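Note sheet for the following structure.
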Amino acid sequence: MVGGFVPDLPMFALVLWSTRVLGLPEHDVFGRLYFSDSWQAIFAVDHGFLIWAPLFLATLWSGQVLLRAFAGSGLLHAVADFATHHDDARRQFWPLSDWVFRSPVSYWDQRFYGDVFAVFEVGLVVLLALFLFWQFRRAWQRALILAPAGLIVVPVILTGGFHGLHGMG
């Protein structure tokens, strides 16, 4: 799971620095800075297929299961973002190309089925959490499964909808 979080770490750091330290309003960060050349250059690297795919392939021969899980989840994140970003798509084939695939589906933007995707996403989280919960018997393992799943599912249950999921309102 950690590898799946890593591609977004630079974005989280940039957003936190911009909003908390510099005091910039979120609409300025996500409306201007997010799309700036410097931020997009970082996103081209941290979501790059030419970073994650070779790393994952190298782990196939290494025998390191944890490293394989790390690289595989990072690659899966990059693939998922490729399929679910429209206006905020990234240059995932950099440095070979600056081409950007603008998916017809967005994981957050209702104009591009973000509301439908939210239902799919929560359903997938529930199904995968139940599957993993069934696979693992130790309490600490189950807690590690339920904690991140709960971060997605509990707000939906408490609010009765997907309003806050990915900024949808």
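Last residue of the sequence shown? That's 170 in the numbering used here, and every number before it is there in order.
Idealized CB from N, CA, C, for every residue including glycine.
Just so we're clear, the structure is a prediction, and the values are computed from it rather than from any experiment.
Item to complete: Locate the alpha helix (DSSP H) running through Q142, then write down its first and last residues.
Response: First-last of the alpha helix (DSSP H) with Q142: A140 to T160.
Worksheet entry | Cβ-Cβ separation, W53 to G75 (assumed contact under 8 angstroms), whole Å | 5 angstroms
Worksheet item: For V7 versus H78, is the C-beta spacing smaller than 9 angstroms?
Response: yes
Discussion item. Quick check: the segment 83 to 97 against the segment 55 to 69, are at least 3 beta-carbon pairs closer than 8 angstroms?
Written reply: no
Worksheet item: Is the Cβ-Cβ distance between D38 and P11 less than 9 angstroms?
Response: Judged by their CB atoms, D38 and P11 are not nearer to each other than the 9 angstroms cut-off.
Discussion item. I'd like to check one pair, L51 with W1: are the Cβ atoms closer than 9 angstroms?
Written reply: Because the chain here runs from 2 to 170, residue 1 falls outside it and cannot be looked at.
Item to complete: Give every residue of the same chain whose Cβ lies closer than 8 angstroms to the Cβ of R143, excluding the five residues on either side of it in the sequence, and list them in chain order.
Response: F134 and F137
Fill in: Span separating the alpha-carbon of D29 from that of T160
28 angstroms
Worksheet item: Looking at I153 and V106, is the spacing between their C-beta atoms short of 9 angstroms?
Response: Note that the C-beta distance between V106 and I153 is not below 9 angstroms.
Discussion item. For G73 and G115, what's the separation of their Cα atoms in angstroms?
Written reply: 25 angstroms
Discussion item. Please classify R91 as buried or exposed, where buried requires at least 16 neighbouring CB atoms within 10 angstroms.
Written reply: buried
Item to complete: State the DSSP-derived secondary structure class of L125, mapped to helix, strand or coil.
Response: helix
Worksheet item: Between which two residues does the alpha helix (DSSP H) containing R69 stretch?
Response: For R69, the enclosing alpha helix (DSSP H) covers residues V66 to T85.
Worksheet item: With a Cβ-Cβ cutoff of 9 angstroms, do A150 and V126 count as a contact?
Response: yes
Worksheet item: Grouping DSSP H, G and I as helix and E and B as strand, with all else coil, what is S107?
Response: coil
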